[in-house]
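Residue numbers (our numbering), protein chains in the order written: chain A, 55 to 383; chain B, 55 to 383; chain C, 55 to 383; chain D, 55 to 383. Comments concern the structure below.
4 protein chains.
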Amino acid sequence: MGYWGPNLARNFDALPDADLRWVVDASEEQLDRVRTRFPGARMTTSLDEALADAAVEAAVIATPVPTHPALALRCLAAGKHVFVEKPLAVSTADASEVVAAARDAGRTLMVGHLLEYHPGLNQLKELADSGELGQIHYIYGNRLNLGKLRADENALWSLGAHDVSVVLRLAAEEPVECSAAGQSYMREGVEDVVFCFLRFESGLVAHLHLSWLDPHKERRFTVVGAKKMATFDDMQPERKLTVYDKGFDQDFQNYGEYIARSGDVWSPRVPNDEPLRIECRHFLDCVREGTEPRSGGESGLRVVRVLEELQRSLDEQSSRPSGRAPSAV
Amino acid sequence: MGYWGPNLARNFDALPDADLRWVVDASEEQLDRVRTRFPGARMTTSLDEALADAAVEAAVIATPVPTHPALALRCLAAGKHVFVEKPLAVSTADASEVVAAARDAGRTLMVGHLLEYHPGLNQLKELADSGELGQIHYIYGNRLNLGKLRADENALWSLGAHDVSVVLRLAAEEPVECSAAGQSYMREGVEDVVFCFLRFESGLVAHLHLSWLDPHKERRFTVVGAKKMATFDDMQPERKLTVYDKGFDQDFQNYGEYIARSGDVWSPRVPNDEPLRIECRHFLDCVREGTEPRSGGESGLRVVRVLEELQRSLDEQSSRPSGRAPSAV
Amino acid sequence: MGYWGPNLARNFDALPDADLRWVVDASEEQLDRVRTRFPGARMTTSLDEALADAAVEAAVIATPVPTHPALALRCLAAGKHVFVEKPLAVSTADASEVVAAARDAGRTLMVGHLLEYHPGLNQLKELADSGELGQIHYIYGNRLNLGKLRADENALWSLGAHDVSVVLRLAAEEPVECSAAGQSYMREGVEDVVFCFLRFESGLVAHLHLSWLDPHKERRFTVVGAKKMATFDDMQPERKLTVYDKGFDQDFQNYGEYIARSGDVWSPRVPNDEPLRIECRHFLDCVREGTEPRSGGESGLRVVRVLEELQRSLDEQSSRPSGRAPSAV
Amino acid sequence: MGYWGPNLARNFDALPDADLRWVVDASEEQLDRVRTRFPGARMTTSLDEALADAAVEAAVIATPVPTHPALALRCLAAGKHVFVEKPLAVSTADASEVVAAARDAGRTLMVGHLLEYHPGLNQLKELADSGELGQIHYIYGNRLNLGKLRADENALWSLGAHDVSVVLRLAAEEPVECSAAGQSYMREGVEDVVFCFLRFESGLVAHLHLSWLDPHKERRFTVVGAKKMATFDDMQPERKLTVYDKGFDQDFQNYGEYIARSGDVWSPRVPNDEPLRIECRHFLDCVREGTEPRSGGESGLRVVRVLEELQRSLDEQSSRPSGRAPSAV
């Protein structure tokens, strides 16, 4: 019941086919803070007490990331379906174990990759899949702000979990090359700014610029296709999604030459539905129908694998003794 | 006398203490196109003819980049001062040779790194040097548009020469690590989009996002300092330079915690003077007074060294057989 | 307890030195909707029942505008201090009666002109008063959106009540000329778009552009002074207040000529404090200390007087038989 | 050959089927300034000398506005076709005389209302005529900047001539009501800021906000239709024309209620063709084919009529002794 937990509790509570029966937190104090907001739920500091309730079908986990795997395994072991906040874990090994446990238990496992439930990003995904943009050349994300410093997560894990999930969903393939570079300024060893580069088998390339130490506030994806280009810009109150009829056309008069085309610009309406509500409802639907969530365990595992790979690259760069200097003349 | 040459000719011609005596181009046709615009100048296809004119004190070179070193050496050998367009050369070896020749000849050598003469970037440099921003943590540049495809230069050399010169000037040190990643979509081996990462001894980091295949048009530098942040945005008709009183302050009530500070935003007036005119005048001043230009030979050499190093990284980055450097014209 | 009432109730309830004792609404249904949100308050459909409670010191009125005067008079007659939503009334006569009643009863009367409590507009007021802008030449407001159509209030009364209160506060004088023009498209006699022009004795001029039938969303005041200019833009997440060092300077070389000056642009930090909370606290402070509120009865009466005058002009403007004032509910 | 004349001369000179034979200016000095730019033309201070040249078919007039009618009449009397800069005259009487003279002489008369030749405004006009916006409710224009003060023209005539021509073209009817209000700050009697309101028989309304004393730079028309809305924004480098699928729909569940619709936003490509070149070519085409120009004499006369009417309203307001004060209570 820290910052994000009450949002999940409130949303699940508001859904007609869900009943918020328990709120679990290690701290009595935290429970007291939310007691009046969820009058229908019982409060406890004992997860076991809640898991023992046979009427509980599903658990929602919004705790510090390193605790995700162990908590998820306990819930699955108790026969509950599990919704766990993003990212699923801080290592591929842990994430795989949870995925396997869910599969063995025949229970639904979903990771809270919220952006995958944003109506605007879904339209972008449909647009890309429809072929209207042509082959996707590259994608880049800018997630910048003057944000909350975190002691336990760097900008890659805190901000990049969003972007990696979106890039993987748009790419529909896994990268063959992951590299990252960054720097920590405010706390040693916790990168405030990280740049990531992903290369995919198909030739697709993705780049992420992540920072919580920036004068601008940007939350944007740009997709450059062979035919058209598109932007999802979450800071725009309207026009969250914009399609640009831009690119290069063959110049038929001069073989091998290209002419820049800068045509119509189009922002289709994006429904105002709250992504968090859509996400919560999707989890309930998947539980009821036994279908794999859009951001199910396997999908969440792929995100962790890429984050881990990027972190490895980040670690390598900083352990390099001197970097490579341009050769002196 | 291609795209850029006439701009230089026009500007030097307009300066009161310069006389445009010769226009040299390999093509008679090109000379014909500009003949009426420079009625006071003689036109020739023979560089030697112009260099033989003892009244000529300085030569201005605006030719394809790979031809810069040989032409500059011929002009210096004839005892002329030399202004050469950016970048100075496509290899550190060639650039060094020109620099050495200028030193030996006691002649002024200046490279046309135009942005170093932009009033707004000079204000940014002064701001950074004044300490008002605090220690500079990192700098990033965005140079994006739907631009002119080039067959002989990739986005790194074509666009990045601008940004590298600015970053080196702001940093006032040379990077100890240079890495780049990119991809070519329109022409094999000619990268349309390139991301560069530079790390400096002092801890300063710089990142460049370069692309001529983008729906947005951006020409922007962001400087993040320990105390304040600043942006130079050349696409803004006003407010080219903006200073943000933003950053994190120590929380004195919670040791080790930080509080985000988001204070005044301030855009000092930037004079409207045309950078090209300032640049041309600066060359004349340096020639007359025998002073080292702001973007003199040594400075131009440092830019080439970094570009070469970035190109090497770009070539290494994948198993592609033929990451092509612009020298391969 | 319609749209706005619960916001007031919640804010007053949250203030440490206020106790929300009663919620009064004519409809039991409406009371039921908010019952759980205000567990400490008693619900009633009888205003008299609440007024009979001697422990009640003040009443907060957020009902349809035409009902404001009668309700305020009843509360004042019962000896309560009164906060009433803007505008105070739909006629100067009614508004005057309430002001007189409050004066006679020795009770505090405050009108909810929310924008007068916006930290950014207060900074703008201080800036104007400090003389930094020079003499104020003119002010204009743009309040545009695609908004909620109202059957009982036109754009002048619904939107313009905000702007008139701000203009009068900045002007610190009353207009000598009020004219308005507009048109109704969606409902006959209810103007969707209204333009207002005010002229003041001092030469100050003000213009308002009000519309709920517009593709843009604007909430902006521009103040043009003899020395500098300033904008308050409530749609900006940052930089709500911006000061432009712009204007015309005497050309001392050509007598009678002027040179445009376009200097620094500066956005001082505006605190994030919620205007509604500040407004509620201000009412409590005024009640406790017996001081005149910033938007007290006299001030609210001046707003009604101008709105009434503008409505008269709107009615006269054409030969339409039925320019309808909002009083005709 | 002041500020604008050379632009016209250069454009006509560049057209393949026009020959610039004479440049006429009362000042030898001015002629000297442009002599080298138009080597094919003869320079004279005598209009009669140029008019006597039988090879001259058409005259282009770009002089102070009050001189337009007399000069146009002289050219027409000499049998020349006439292009005259906007506005045609400063009085309806004068403008009518020129129109009549052109008709009697059987010569083409065109007024340089440049915006009517802007590709983006033509697309807006086609869009409006196509019915896609539904019935046009209202139009408003914002023409603001920190501009050049003029001693001889107020903001209405200097800026508003543009807007009135556009509004009349979009409206395709003449207004039945014209009112204006404004104020002069920099020079007595020369309004720096003017607000205009036009009402048309059909119910269409138009508003203009004109100022050369403003911190913002705006050149924008907004058209609000019953079905959709559109904006022409000349300050946008791209997206000059934008169509908003916005408006109110009948709520079929609640009779008499409306629901706001905020749908797709679409910016069709606007060709980059220079309006001035299109305008010049159009004049030549009309001369050759004997067709009435888009901004022919009659059209220019209608603009003058509206400007004159607005000026009358502006004069009335300032001659009113005290304005009308809100009645004191």
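No residue lacks a Cβ here, since even glycine has one placed at the ideal position from N, Cα and C.
Q. Among A:Glu82, A:Gln365, A:Glu333 and A:Gly160, which one has its Cα closest to the Cα of Arg64 (chain A)?
A. For the purposes of this step, residue 64 (chain A) is taken as the residue at position 10 of the first sequence. If we check each option's Cα against that of Arg64 (chain A), A:Glu333 comes out closest.
Q. Who pairs with Asp288 (chain C) in a beta bridge, going by DSSP?
A. As a first step, residue 288 (chain C) must be located in the third sequence, where it is residue number 234. BP columns for Asp288 (chain C) are empty, so no partner.
Q: Please classify Leu264 (chain B): does DSSP put it in a helix, a strand, or coil?
A: Translated into positions along the second sequence, residue 264 (chain B) becomes position 210. It is a strand residue.
**Q.** Three-way DSSP call (helix, strand, coil) for Trp211 (chain C) in this model
**A.** Indexing the third sequence from 1 puts residue 211 (chain C) at position 157. DSSP places Trp211 (chain C) in helix when its eight states are reduced to three.
Q: Report yes if the C-beta distance between Asp288 (chain C) and Lys282 (chain C) is below 8 Å; otherwise report no.
A: Locating residue 288 (chain C) in the third sequence gives position 234, counting from the first residue. Locating residue 282 (chain C) in the third sequence gives position 228, counting from the first residue. No, these two residues do not count as a Cβ contact at 8 Å.
(Q) Per DSSP, what are the beta-bridge partners of Met164 (chain A) in this structure? (A) In the first sequence, the residue the question calls residue 164 (chain A) occupies position 110. Paired residue(s): A:Phe137 and A:Gly350.
Q. Residue range of the alpha helix (DSSP H) that Val319 (chain C) falls in?
A. Within the third sequence, residue 319 (chain C) is the residue found at index 265, counting from 1. From DSSP, Val319 (chain C) is part of no alpha helix (DSSP H) but of the beta strand (DSSP E) over Tyr312 to Ser321.
Q: Please work out which residues of its chain come closer than 6 Å, Cβ to Cβ, to Ser316 (chain B), disregarding the five sequence neighbours upstream and downstream, and give them in chain order.
A: Here the question's residue 316 (chain B) lines up with position 262 in the second sequence. These residues qualify, in order along the chain: Lys300.
Q. Considering only residues of the same chain and omitting the five flanking positions on each side of Arg204 (chain B), which have a CB-CB separation below 6 Å?
A. To locate residue 204 (chain B), count along the second sequence from 1; it is residue 150. Here the set comprises Ser212.
Q. Any beta-carbon of chain D closer than 8 Å to the one on Ser376 (chain C)?
A. For the purposes of this step, residue 376 (chain C) is taken as the residue at position 322 of the third sequence. Because the pLDDT at Ser376 (chain C) is just 35, under 50, the model does not fix this residue reliably, and the value given afterwards should be weighed accordingly. No, because no Cβ of chain D sits closer than 8 Å to the Cβ of Ser376 (chain C).
Q | Residue nearest to Asp217 (chain D) in terms of C-alpha spacing, selected from D:Gln371, D:Gly243 and D:Leu364 | A | The residue you call residue 217 (chain D) lines up with position 163 of the fourth sequence. The candidate whose alpha carbon is nearest that of Asp217 (chain D) is D:Leu364.
Q | Backbone CA spacing between Ser145 (chain D) and Asp369 (chain D) [nearest angstrom] | A | Residue 145 (chain D) sits at position 91 when you count from the first residue of the fourth sequence. Residue 369 (chain D) sits at position 315 when you count from the first residue of the fourth sequence. Distance between the alpha carbons of Ser145 (chain D) and Asp369 (chain D): 15 Å.
Q) Does the Cβ of Asn308 (chain B) have 16 or more other Cβ atoms within 10 Å, making it buried, or fewer, making it exposed? A) The residue you call residue 308 (chain B) lines up with position 254 of the second sequence. The residue is exposed, with fewer than 16 neighbouring Cβ atoms inside 10 Å.
**Q.** Below-8 Å beta-carbon distance, Ser316 (chain B) vs any chain C residue
**A.** Counting from one through the second sequence, the residue named residue 316 (chain B) turns up at place 262. Cβ-Cβ to chain C under 8 Å: yes for Ser316 (chain B).
Q) For Pro380 (chain A), which three-state DSSP category applies? A) Position 326 of the first sequence, counting from 1, holds the residue named residue 380 (chain A). Since pLDDT at Pro380 (chain A) reaches only 40, below the 50 mark, its modelled position is unreliable, and no value is offered.
Q) Alpha carbon to alpha carbon, how far is Ala95 (chain A) from Val77 (chain A)? A) Here residue 95 (chain A) refers to the residue found at position 41 when the first sequence is read from its first residue. Here residue 77 (chain A) refers to the residue found at position 23 when the first sequence is read from its first residue. Each residue's alpha carbon lies about 6 Å from the other.
(Q) Between Pro329 (chain B) and Leu168 (chain B), how many whole angstroms is the CB-CB distance? I'm expecting something under 8 Å. (A) Within the second sequence, the letter at position 275 stands for residue 329 (chain B). Within the second sequence, the letter at position 114 stands for residue 168 (chain B). That pair is a contact at about 5 Å.
Q. Mapping DSSP to helix, strand and coil, what is Pro375 (chain C)?
A. Along the third sequence, one-based indexing puts residue 375 (chain C) at 321. With a pLDDT of only 39 at Pro375 (chain C), under the threshold of 50, the placement of this residue in the model should not be trusted; the figure read from the coordinates follows. In this structure, Pro375 (chain C) counts as coil in the three-state DSSP scheme.
Q: With DSSP as the reference, please indicate the residues paired to Trp76 (chain D) in a beta bridge.
A: Here residue 76 (chain D) is taken as the residue at index 22 of the fourth sequence, counted from 1. In DSSP, Trp76 (chain D) forms a bridge with D:Arg96.
**Q.** Residues bridged to Cys232 (chain A) (per DSSP)
**A.** Working through the first sequence from its first residue, we reach residue 232 (chain A) at position 178. Cys232 (chain A) pairs with A:Leu252.
(Q) Per the DSSP calculation, Glu272 (chain A) is bridged to which residue(s)? (A) By one-based count along the first sequence, residue 272 (chain A) stands at place 218. In DSSP, Glu272 (chain A) forms a bridge with A:Leu198.
Q | Rounded straight-line distance, which links the Cα of Glu272 (chain A) to that of Arg197 (chain A) | A | On the first sequence, residue 197 (chain A) is found 143 positions in, with the first residue counted as 1. On the first sequence, residue 272 (chain A) is found 218 positions in, with the first residue counted as 1. Taking the straight line joining both Cα atoms gives about 5 Å.
(Q) Going by DSSP in three states, Ala457 (chain D) sits in which element: helix, strand or coil? (A) Shown here, chain D extends from 55 to 383; a query on residue 457 (chain D) therefore has no answer.
Q | Bounding residues of the beta strand (DSSP E) (the contiguous stretch that carries Gly393 (chain C)) | A | Outside the modelled stretch of chain C, which goes from 55 to 383, sits residue 393 (chain C), for which no answer is possible.
Q: In angstroms with no decimal places, state the Cα-to-Cα distance between Gly377 (chain A) and Phe251 (chain B).
A: To locate residue 377 (chain A), count along the first sequence from 1; it is residue 323. To locate residue 251 (chain B), count along the second sequence from 1; it is residue 197. In this prediction, Gly377 (chain A) scores a pLDDT of 37, lower than 50, which makes its location untrustworthy; the coordinate-derived value is nonetheless stated afterwards. If I take the Cα positions, the gap works out to 12 Å.
Q. Terminal residues of the continuous beta strand (DSSP E) containing Ser295 (chain D)?
A. Along the fourth sequence, read from residue 1 onward, the residue named residue 295 (chain D) stands at position 241. The amino acid occupying residue 295 (chain D) in the given sequence is Leu; Ser does not appear at that position. Segment Leu295 to Gln304, the beta strand (DSSP E) holding Leu295 (chain D).
Q) Could you check where the alpha helix (DSSP H) with Arg64 (chain A) kicks off and where it finishes? A) Translated into positions along the first sequence, residue 64 (chain A) becomes position 10. Start and end: Gly59 to Ala68.
Q: With 8 Å as the limit, tell me which residues of the region 293-327 of chain C have their beta carbon closer than that to any beta carbon of chain B; keep them in chain order.
A: Arg293, Asp299, Ser316, Gly317, Asp318, Val319, Trp320, Ser321, Pro322 and Arg323
Q) When burial is assigned at 16 or more other CB atoms within 10 Å of the CB, is Ala108 (chain D) buried or exposed? A) As a first step, residue 108 (chain D) is located in the fourth sequence; it is residue number 54 there, counting from the start. When all chains shown are included, Ala108 (chain D) counts as exposed.
**Q.** Distance between Arg366 (chain B) and Pro375 (chain A) (C-alpha atoms, nearest Å)
**A.** One-based indexing of the first sequence puts residue 375 (chain A) at position 321. One-based indexing of the second sequence puts residue 366 (chain B) at position 312. Residue confidence is low: Pro375 (chain A) scores 47 on pLDDT, short of 50, so the model does not pin down where it sits. Its coordinate-derived value is still stated next. The straight-line gap from Cα to Cα measures roughly 20 Å.
Q: Inspect the beta-carbon positions of Phe249 (chain C) and Ala235 (chain C) and report whether they are closer than 8 Å.
A: As a working note, residue 249 (chain C) is residue 195 in the third sequence. As a working note, residue 235 (chain C) is residue 181 in the third sequence. A contact, by the Cβ cut-off of 8 Å.
Q) So which residues of chain D does Pro269 (chain C) contact, with C-beta pairs closer than 7 Å? A) The count along the third sequence starts at 1 and reaches residue 269 (chain C) at position 215. The answer, in chain order, is Thr276, Met283, Thr285, Tyr298 and Lys300.
(Q) By the three-class DSSP mapping on this structure, what secondary structure does Gly174 (chain B) have? (A) Walking along the second sequence from the start, residue 174 (chain B) turns up at place 120. Three-state DSSP puts Gly174 (chain B) in a helix.
Q: Tell me where the alpha helix (DSSP H) around Ala124 (chain B) begins and ends.
A: In the second sequence, residue 124 (chain B) corresponds to position 70, counting from 1. Element bounds for Ala124 (chain B): His122 to Ala131.
Q.
Can you find the residues in the same chain that come closer than 6 Å, C-beta to C-beta, to Asp318 (chain C), ignoring five residues on each side of it along the sequence?
A. For the purposes of this step, residue 318 (chain C) is taken as the residue at position 264 of the third sequence. Excluding residues within five positions, the ones whose Cβ falls inside 6 Å are Asp299.
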